[in-house]
Each structure stands twice: as structure tokens, then as C-alpha cells.
Amino acid sequence: MRKNQIKRILRIAFIIASIGSLYFVPWILVKAWILPLPDTVQEQLDEAIDFGFDGMIVFVDKAGEPAEFYAAGWHDRENKIPAYPQALFKIASITKLYVAVAATKLVKAERLSLDKTLADYFPELAGRIENSDEITLRMMLQHRSGIPNFVDHPDFWIKPPKSRQETLEYALDLPADFEPGEDYGYSNTNYMLIEDLIGKTVGYPHQQYIKEEILIPLGLKNTFGSLSEVDINDVMSGYYVGIETDFKTEDTGLMLATAEDVGIFLRALNDGSVFNEGEQEIYSSVYEYEHTGLLVGYQSIAKYYKDMDMVVIQFNNTTNFDGYDWNLSEIVYSRIVKILRREKSS
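Okay, so the sequence shown: first residue is 83 according to my numbering, each after it adds one.
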């Protein structure tokens, strides 16, 4: 059989397989992907609301140009308050970027060491976390520790923890996911322990250290360490598909911020202005420069595009962990970036 015939058969087989795979993809994702690209970011947000998101906020920082703010849908569905760009949002795992910067600053100041072990810093956990005498701070920052992720415990969602200690208990006395440094495994437990280590090192809550060393120097007045610091009415409501509960009152202990504040921080992280001398080299060896966040009722994406010198932050307040909302959110985000890229090139 000739090569061109083989190629033709493989091409046909690929097309058939691709068509068949569409039966397993929710059609709303296909629709969101193939619809003609709108002319503006605002039109894309309005389209996203039609896909089922309750509310959405987008912040765009183009270097040398005025910041852009967008919102659509509801800030508070029950009280019919429209979404607005200045709302506070639970940024979930984007918090890890701030924690990693804070840890970096302490390492540079020689108050922490990347090569000291979990057992060194928390001897009381030595018998409860496997390989604690081999797991270093560096591994924890890089998610290469093998410490189980507390949210993966089968009882975590059945009996939600009511305190920090209860949360940690869901990761204790379990086999390691892998040998330290031998693999990558995203684990919220790593960063909860690092937060506690920061507090233990400085002698006061890690949120206060982050405020003093990161938020105040950057002029971030709309970023907070916990729900207790804010007016609940300023927080965007969070919804889970099929449940009427508004999840904004659930205190997760993670940070809240406006999209603009996250955008300012992300630019400072990427251009290095959040760091003092010698800190960025340390940070680059242990963590990343963008992040996403996911909580019940809250999804967030924060990225910097070097080729456009542009920061794009997206918040949306509707989740369904068993569904496709995260994929839909990523599609909407990618289309917004395409619109912005088109605008920049025109």
C-alpha cells in the first residue's frame, strides 16, 4: 500500500474517531468553542452568562494603557444585585502565589531554609506524616513532597472540617502518595503547612506577614486574608449548580481580593517588583508565575502574557465539580484572550 493511501486512511480514521468522541463531550462546550468570536470582551461575558454562569468579572491590564474592567450577570442572585468589577472574590488557590512569595522572602532573610525538613520545622508531625524527615520546604513549595491532599480524603466532603486542625487531620496518618522528590502531586496540605510555618517563624499569623511584606508595599487595599476582615455584602455570591445556597458566608481561610488587586499583584510577580534583591531567583526555583483557583461557588484564572505584556484575570461564581463548568470557564477565558490579542494586533 502506498504512503499516500495510508495517510488518507489514517486521516479518515482520525476524522471518524474525532466525530465519535463528540458524543462524549457536552454540546454546550462544543457550542462555546465554535461560536463566532464576539467583537468585544463584554459581549463574550454576556455570552458566558447565557451558558449558565451566574456572574463573571474580568480585569485586563495592558502595559501603558488604562486598565479595563468588565462584569456580567449577578453579584447576588437572590437580591438581584448586578455583578460589578470592584467586588471581592474568594481567590482560592491563587492564594498559593502570595504564600510562596512570603516564604521566599523568609528564605532570603535566612529565617527559613529550603533544605530543612518538615520534621525539623514540625517535630510533632514526624510520626504522622510519612517521610517527614526527608520532605524539605523546597519539595513542599514545589508540590513534590508526596504528602496527601486533604481534600482527597473520602470523608472531607461528607464531614467538612470545622477548624484548621480538623482539616490537617484529613492528611495525617496516611501512606505517602510517592517518595519525596520523585514525582509531582498537587496538594493543598503542602501550602497549609507552609502558612503555619510562616506564622510560626514570624510569631504572628501568616496573613499579617503577607499584608506587611506584599500587600502594603504594592498598595493593595482590596486584598484580605480571611472573610472576617471584610463586609460580607462586598463579597460576590458563590453558587453550586442545583443548590440554592449562597456559599459566600463559608469561611475557607483563603484570601479574598478584587480582580484589579490580583492583577496588580500578578504583574508585580512577573516583572519582579514584588521582590527585593535576590528573592526572585529563589522564587523562580520553587514556584510558578500564574495560577487558577477553585472552591465551591468560585472559579478564578490569573495569567500574564509576556508576548502582549498583558495580565488577564477572570472570576466566575458558578461551579459544578461533577459537571463541565471548569472546562467552560477555560473556554470563555481563552476566547477573551483571543479577542484581546486581535485587538492588540489590529
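Just so you know, even glycine gets a beta-carbon here, dropped at the ideal spot from N, CA and C. Since this is a predicted model, take the numbers as computed values, not measurements.
Asked                                                                                                                           : Found
Residues that DSSP places opposite residue 155 in a beta bridge                                                                 : 137
Cβ neighbour criterion (16 or more within 10 Å) applied to residue 397                                                          : buried
Collapsed DSSP secondary structure at residue 265 in the structure displayed                                                    : coil
C-beta atoms of residue 259 and residue 240 nearer than 9 Å                                                                     : no
Contact set for residue 428: own chain, Cβ-Cβ below 6 Å, skip 5 residues either direction                                       : none
Rounded distance between the beta-carbons of residue 416 and residue 381, thought under 8 Å                                     : That pair is no contact at about 14 Å.
Length at least 4, wholly inside the segment 239-264: the alpha helix (DSSP H) runs in chain order                              : 246-251
Backbone CA spacing between residue 104 and residue 403 [nearest angstrom]                                                      : Confidence at residue 104 is low in this model, with a pLDDT of 41, below 50, so its placement is unreliable and the value that follows should be read with caution. Rounded to the nearest angstrom, the two C-alpha atoms are 21 Å apart.
Per-residue DSSP class, three states only, for residue 172                                                                      : strand
Identity of the residue in 351, 206, 377 and 197 nearest residue 366 by Cα                                                      : 351
Whole-angstrom distance between residue 273 and residue 285, CA atom to CA atom                                                 : 18 Å
Cut-off 6 Å between Cβ atoms - residues of its own chain near residue 130, not counting five sequence neighbours on either side : 138 and 414
Start-to-end residues for the alpha helix (DSSP H) that takes in residue 131                                                    : 123-132
In DSSP terms, what residue 380 is bridged to                                                                                   : 377
Beta-carbon gap between residue 231 and residue 253 smaller than 9 Å                                                            : yes
Where the beta strand (DSSP E) containing residue 392 begins and where it ends                                                  : 392-398
Same chain, Cβ closer than 6 Å to residue 309, five either side skipped, listed in chain order                                  : 333
Helix, strand or coil at residue 103 according to DSSP, with G and I counted as helix                                           : In this predicted model, residue 103 has a pLDDT of only 42, less than 50, meaning its place in the structure is not dependable; the value taken from the coordinates is given anyway. Of the three classes helix, strand and coil, the one that applies to residue 103 here is helix, per DSSP.
Residue 111 versus residue 181: straight-line alpha-carbon distance, rounded                                                    : 34 Å
The alpha helix (DSSP H) enclosing residue 409, as first and last residue numbers                                               : 407-427
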